[in-house]
Structures are given as structure tokens and as C-alpha cells.
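Everything below concerns the one structure shown next.
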Amino acid sequence: GGKDRRSGLILTIPLCLEQTSMDELSVTLDYLLSIPSEKCKARGFTVIVDGRKSQWNVVKTVVLMLQNVVPAEVSLVCVVKPDEFWDKKVTHFCFWKEKDRLGFEVILVSANKLTRYIEPCQLTEDFGGTLTYDHMDWLNKRLVFEKFTKESTSLLDELALINNGSDKGTQEKEKSIDLNFLPSVDPETVLQTGHELLSELQQRRFNGSDGGVSWSPMDDELLAQPQVMKLLDSLREQYTRYQEVCRQRSKRTQLEEIQQKVMQVVNWLEGPGSEQLRTQWGIGDSIRASQALQQKHEEIESQHSEWFAVYVELNQQIAALLNAGDEEDLVELKALQQQLSDVCYRQASQLEFRQNLLQAALEFHSVAQDLSQQLDGLLGMLCVDVAPADGASIQQTLKLLEEKLKSVDLGLQGLREKGQSLLDQISNQASWAYGKDVTIENKENVDHIQGVMEDMQLRKQRCEDMVDVRRLKMLQMVQLFKCEEDAAQAVEWLSELLDALLKTHIRLGDDAQETKVLLEKHRKFVDVAQSTYDYGRQLLQATVVLCQSLRCTSRSSGDTLPRLNRVWKQFTITSDERVHRLETAVAFHSSAEKVLQECPEQPEAFNETEQFDEIEAVGKSLLDRLTVPVVYPDGSEQYFGSPSDMASAAEHIREKMKLVSLKKEQMRQPEATTPES
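What follows is the structure, given as C-alpha cells:
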């Protein structure tokens with residue numbers, strides 16, 4: 001860093017006791033002399049050869065070497081000698097005599113006398129000067145500078161190659177960027193190193209060195225500040241261009257990656273994805289088959305969902321790039337986005353259509369299975385012979401049968417609706433058809449659906465026919481039970497009429513007129529009983545016809561009919577007895593009343609003695625019948641009324657017979673008087 005009085009740079013060569021390699025020294029001198037600028041070199045160098053720790057022949061060799069290394073730049077060579085050591089040997093070789101041949105002046109000087117030629121402030125402490133100099137510090141800074149210069153120069157070349165390559169044609173640009181895309185060193189690191197170096201150099205220049213002692217540096221060229229600044233400026237410029245190239249390259253790479261991923265999604269969806277759907281066209285022939293197809297479809301959807309996730313991610317990336325707003329990429333990005341959306345939406349629509357179709361098929365088969373089970377249950381019910389206990393159970397069974405038939409009707413209607421909906425969906429399948437002709441496959445599905453509906457219709461029709469037959473049979477059975485019940489009721493009514501006849505129809509009347517009224521009422525009563533009997537007979541005849549139609553044996557023919565005939569026989573016998581008694585009573589009352597009303601003065605009355613006898617005979621006969629029970633064919637006996645009732649009726653007849661007897665006596669008395677007179 002020191003200068004001589006001519007402002008030439010001072011070059012110090014320290015020699016040591018050890019053997020000095022001239023080759024290394026020559027290389028070192030070449031390096032050191034390459035540092036100053038040409039302007040500095042033109043002012044010449046003052047070389048200080050410190051030989052105090054070396055031998056004369058080494059010093060001599062070094063001085064002669066300067067002639068070959070830097071003869072033009074060296075103006076003065078100061079050889080610092082040891083005290084009184086080289087005096088005799090100097091006489092053998094005088095450097096000053098060789099000045100013309102060497103090209104520079106050589107002087108031998110002691111260290112303490114070196115200040116005669118160079119100012120103390122330009123000499124280091126080793127030579128009695130005051131110039132502050134730290135060789136290791138200079139060496140470290142120099143190494144940093146050399147490293148920075150080398151890295152920055154290499155980096156500038158690389159960045160220039162990359163940046164210039166970005167301006168070439170597409171194909172050539174791709175090759176250039178592919179080969180030299182990443183610099184060998186990190187630009188940020190090199191820039192940071194350069195800024196730190198420049199800061200250090202500027203700090204030492206303006207603030208001084210250690211302890212605040214002023215330091216007189218070499219020219220700016222020697223301190224490398226302009227070179228560092230120039231390199232930093234160039235680096236910043238190239239690095240800025242490089243960042244833009246990287247940004248463009250990153251954007252282009254991102255665009256290419258997006259395009260590649262888009263094509264991967266499109267190719268898979270239009271290739272393997274569509275092929276999976278093409279192979280899945282059936283709807284199954286049962287619930288289990290449809291569920292198996294649904295499970296397979298879910299696996300296909302699971303594979304598609306992975307690609308749809310990629311689609312969502314790509315769509316977001318494309319949207320982000322579109323928002324960035326590079327006009328040159330907008331058209332391409334929108335085209336990619338549109339292509340990706342069209343393919344994904346089309347494939348999603350096909351998946352949804354397939355899922356809906358399978359769901360509709362599952363519902364159709366589910367309704368068909370339920371309807372089949374209902375038809376099986378109805379058929380099973382129809383195949384079991386009806387053996388009800390009474391009409392109510394038949395009505396309940398008939399109601400259940402009608403409910404099942406109504407449920408079958410609703411089930412068949414639901415099946416038709418599901419089937420038609422499924423057929424409509426299948427017909428719409430041809431609008432996209434997974435990219436293939438599905439006429440044959442659709443025909444199989446359509447034939448299957450129509451076949452199921454026709455089969456269910458036929459089964460339902462057969463069941464309806466059987467229900468009609470069963471309904472008729474059950475209605476006949478209801479009628480049969482009704483006839484049997486009504487016939488039994490007729491027997492009960494007839495029994496009640498018989499009971500009423502025996503217990504309440506006991507009066508014989510107080511006179512002929514009343515007896516005739518009772519007789520007329522009795523005939524009407526008999527007419528009611530006759531109607532009841534005829535009604536029961538008709539019901540029993542109807543049961544016979546129904547039993548023949550139903551091919552079954554009725555209990556009425558073996559139970560109700562004999563009971564009806566038996567009660568009717570008892571009623572007719574009782575009725576005849578009642579009629580006989582009433583007719584006898586009418587004859588008795590009529591004859592008695594006629595006799596009792598005749599006057600004794602009438603002569604014809606005296607000739608009717610036989611009439612009194614007849615009245616008495618009729619009265620006695622009537623009294624005798626009142627004491628006789630009604631005897632039925634089975635040997636059983638029944639009395640009219642209670643004994644007190646019969647006694648009352650008999651007493652009334654006796655009273656009248658007494659009147660008739662009294663009348664007879666009265667009529668006899670005139671007959672006895674007439675002969676005496």
C-alpha cells in the first residue's frame with residue numbers, strides 16, 4: 001500500500017533463511033504485478049528486497065530475476081542488507097555497474113537508512129516506517145476478492161448464456177435452458193459476498209484502519225472498488241434478467257405441467273374411464289344382481305373421484321394463472337380449462353346417469369320382489385281350502401282377501417310406474433351411450449323389464465280369476481251360513497209359537513161370540529206359524545242347493561230339518577187340539593145360549609128334550625178334553641196352561657151347564673102341570 005517519492009508502488013520481497021523457490025517467487029511476482037492498473041504500472045515500481053535473513057547468492061538471484069519478470073516496470077531496487085555481512089562479497093559484483101544491462105538501479109542499503117529513498121510513512125514497521133499493514137488481513141481480503149471476482153465472472157457468463165438463450169427460438173431456447181438452467185453458484189450468495197467486500201473496502205478507506213490511524217491506500221483501481229462495483233452492477237442486471245427468465249420459465253414449466261396433467265386426466269377419462277362405463281351396461285335381473293352392479297359402479301366412481309380431485313386442483317391452478325393476467329397465456333389457459341371441464345362434466349354426467357339407472361333398476365326389482373311375494377301369499381291363501389266356522393269368519397277372510405288383492409293392484413301399479421321410469425331412462429341412454437351403440441344391450445334390458453311386468457300382470461290376472469271364484473264360493477258359504485242361521489231361527493220362532501200356544505192360548509171364551517173371535521185369532525196364529533215353517537223349509541232347501549254347489553255336507557239336512565219337522569208336527573197337533581176345543585166350545589155356547597134364550601111359552605121348546613141332552617153331552621165332552629193332555633208322536637205330553645187356568649175354564653163351563661140344567665127343569669115343570677089340569 002506504500003508509494004515512493006515518484007508515486008510509484010512499493011513492492012516488498014521478504015527473504016528467509018530457508019531455501020527460496022525461484023519458480024514460486026516468479027509466479028508470486030507475476031500475480032502481484034497483475035493487480036495494479038496500467039496507469040499505476042506506468043509510474044514504475046520500487047522493489048525492496050529484504051535480504052537480512054537470507055544469503056547473498058539468493059539475493060543476487062532474486063535481483064537478476066527481476067530483470068526477466070518486470071524490467072520495464074522496476075525503477076529502483078533497494079536491497080536491505082545485514083550489517084557488515086556482505087561487504088567483501090559486494091566488491092566482487094557491483095549492481096550499479098550493471099544498471100544499463102539490468103534496466104533498473106540497484107542499491108544496497110541498511111534498514112535504518114532506507115528512509116533516505118522512501119518516506120517513513122510509506123514504509124512498514126519492519127523497515128522503521130509508520131505504515132500500518134496487516135499482511136494476513138490483506139491476504140484474506142484478497143482471497144475474498146479473488147473468489148468474488150472468479151465466481152461473479154463465471155456467474156455473469158452463465159447468466160448471460162441463460163439470459164441470451166431465452167431470446168432465441170423456442171427449440172434452441174429449450175436446449176439452452178435445459179443445459180444451463182441452474183448457475184453453478186447461488187447468485188444471492190455471490191451478491192452478498194460482493195456487497196460485504198465493497199463495504200469492507202469502503203470502510204477501510206474512509207474510516208482508517210486499526211486504532212484510528214490514517215491509512216494511505218493505493219489508487220481505487222488497486223483497492224478493486226470500481227471493479228467490485230462494476231461486477232455488482234453487472235451481476236444485479238444479469239440476475240434481474242435471470243429472475244425474469246426463471247419466472248417465465250417457471251410459468252412456462254407450470255403451464256406445461258398443467259397441460260400435461262390436463263391431458264393425463266382427459267386421456268384417462270376418455271380412455272380407461274369411459275371403457276369402464278362401456279362395459280357396465282346391464283341393470284341386473286334381481287335385487288342382488290343390481291346391488292352387485294351398484295357396488296361395481298361405486299368402485300368405478302372411486303377411481304374417477306381420484307381424477308376428479310386432480311381436476312379440482314388443476315382448475316384452481318388455472319384460475320390462479322388466469323387471475324395473474326398474462327395475456328399471452330390467457331387463450332391457452334382458457335382452452336385447457338374448457339377442455340378439462342367439458343370432459344370431466346361429461347364423465348360426471350355419465351357416472352350420475354349410470355348411478356341413477358342402477359338405483360331405478362334396484363327400486364324396480366325391489367317392487368317386483370315385493371309384488372311377487374304378495375302374489376305368492378295371495379296364491380297360497382287361495383290354494384288353501386276354506387273351512388270357516390261361521391259366517392263372520394268368512395266375512396273376515398273375504399275382507400282380508402280383498403285387501404290383499406287391492407295391495408297387489410297397488411303393487412302392480414307401482415311396478416308399472418317404476419318400470420316405465422326405468423324404460424325412459426334407458427331410452428335416454430342412447431343420447432350419449434358411452435361412445436358406443438347400445439341398441440342390443442338396451443333391447444335386453446327393455447325385454448327384461450317388459451317381461452317382468454308382463455309376468456306380474458299374468459300372475460295377477462290368474463290370482464284375480466281365482467279370487468273371483470273364491471269370492472263367489474265364500475259368498476255362497478256366507479249365504480249358506482245365513483240360511484242355516486235363519487232356518488235355526490225359524491225353528492226357534494216356531495218353538496216359541498208352540499210354547500205361546502200352550503201357555504197363553506188357553507181361554508175358551510165366555511160365550512159363542514167370544515169363542516168365535518178366539519177361533520179366528522187362532523187361525524191367524526196358525527197362519528203365522530205356517531209361514532214360519534214354510535220359511536224354514538225354503539231356507540233348508542236353499543242350503544241343500546248351496547251345499548250341492550259347494551260340494552259340501554251341511555249340518556242343516558241332518559239337524560235343523562228334523563227339528564223343524566218335529567216342532568211343526570207338535571205345533572199342528574197342538575193347534576188341532578186347540579181348534580177342536582174351540583169348535584166344541586162354540587157348539588156348546590151356541591146351543592146353550594139358544595136354549596137359555598128360548599121362552600117357556602113357546603110350545604116347540606117342549607119337544608127339544610134331546611137338545612138339552614146334547615148340550616150336556618157336549619159340555620161333558622169339553623170338560624173331559626180340558627183334562628186330557630196333548631200327546632205328541634214321540635210320546636211326550638203337554639197341557640194347555642196351568643191346572644188353575646184349566647180349572648177356571650172348566651168352572652165356567654160347569655156354571656153354564658148348570659144354567660142349562662136349570663132351564664131344562666123349568667121347561668119340564670109346565671109339562672107336568674098340564675096333564676093334571
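Position 640 of the sequence shown, counting from 1, maps to 640 under the UniProt record's numbering, and the rest follow consecutively. Using N, Cα and C, we set each Cβ at its ideal position, and we do this for glycine too. These numbers come from a predicted model, not from an experiment.
query, result
"Spatial distance of Ala-111 from Val-80 (CA atoms)", "6 Å"
"Burial state of Glu-484, where buried means 16 or more other Cβ atoms lie within 10 Å", "buried"
"Counted within 10 angstroms of its Cβ, other Cβ atoms place Glu-188 as buried (16 or more) or exposed", "exposed"
"Boundaries of the alpha helix (DSSP H) in which Phe-127 is found, first to last residue", "Segment: none, Phe-127 is in no alpha helix (DSSP H) and carries neither H nor E."
"Reduced DSSP secondary structure (H/G/I, E/B, other) of Thr-279", "coil"
"As assigned by DSSP and simplified to three states, the class of Phe-481", "helix"
"Coarse secondary structure for Glu-637, derived from DSSP in three states", "strand"
"Sequence-distant residues of its chain with Cβ nearer than 6 Å to Gln-337 (five each side left out)", "Ile-318"
"Minimum C-alpha distance to Met-381 - residue among Arg-471, Gln-413, Ser-366", "Arg-471"
"Strand pairing of Lys-3, partner residues [DSSP]", "Leu-9"
"Length of the line joining the Cα atoms of Gln-316 and Asp-186", "32 Å"
"Burial state of Pro-643, where buried means 16 or more other Cβ atoms lie within 10 Å", "exposed"
"Of the listed residues Gly-619, Glu-665, Arg-566, nearest to Gly-635 (C-alpha basis)", "Arg-566"
"Span of the alpha helix (DSSP H) around Glu-301", "287–324"
"Closer than 7 Å: Gln-638 CB and nearest the ligand ZN heavy atom", "Ligands are entirely absent from the displayed structure, and the ligand ZN is therefore not among its contents."
"Ile-162, enclosing alpha helix (DSSP H) - first and last residue", "135–165"
"Three or more C-beta pairs below 8 Å linking the segment 504–512 and the segment 451–465", "no"
"Residue-chain proximity (Leu-518, chain D), Cβ-Cβ < 8 Å", "Absent here is chain D; the protein component of the structure consists of one chain."
"Residue 717 and Leu-498 closer than 8 Å at C-beta", "The structure shown does not extend to residue 717, since the chain is modelled only from 1 through 677, so no value can be given for it."
"C-alpha distance - Leu-64 paired with Ser-54, whole-angstrom precision", "16 Å"
"Gly-104 versus Arg-247: straight-line alpha-carbon distance, rounded", "Note that residue 104 is Phe in the sequence shown here, rather than Gly. For Phe-104 and Arg-247, the distance between alpha carbons rounds to 59 Å."
"Beta-carbon contacts of Ser-621 that lie in its chain and below 7 Å, excluding the five residues immediately before and after", "Thr-584"
"Under 8 Å between C-beta atoms of Val-245 and Ile-162", "yes"
"Whole-angstrom distance between Ser-591 and Gln-597, CA atom to CA atom", "10 Å"
"Cys-121: first and last residue of the uninterrupted alpha helix (DSSP H) it sits in", "No alpha helix (DSSP H) holds Cys-121; DSSP gives it neither H nor E."
"Residue range of the beta strand (DSSP E) that includes Ser-75", "74–80"
"Expected contact under 8 Å - CB spacing of residue 678 and Leu-550 to nearest Å", "One cannot answer for residue 678 here, as it falls past the ends of the chain, which runs 1 to 677."
"Pairwise C-alpha distance: Gly-419 and Glu-454", "11 Å"
"Cβ pair Thr-397, Val-491 closer than 8 Å", "no"
"Rounded separation between Ser-661 and Arg-654 - CA only", "10 Å"
"Three-state class that DSSP yields for residue 684 in the structure shown", "Limits of the chain in this structure are 1 at one end and 677 at the other, which puts residue 684 out of reach."
"Residue closest to Lys-141, alpha-carbon to alpha-carbon, out of Leu-201, Gly-165, Thr-115", "Leu-201"
"Cβ-based burial, Pro-633 [other Cβ within 10 Å; buried from 16]", "exposed"
"Inter-residue spacing [alpha-carbon to alpha-carbon] between Arg-668 and Thr-609", "9 Å"
"Option nearest Pro-82 by Cα separation, candidates Leu-17, Cys-121, Asn-323, Tyr-31", "Leu-17"
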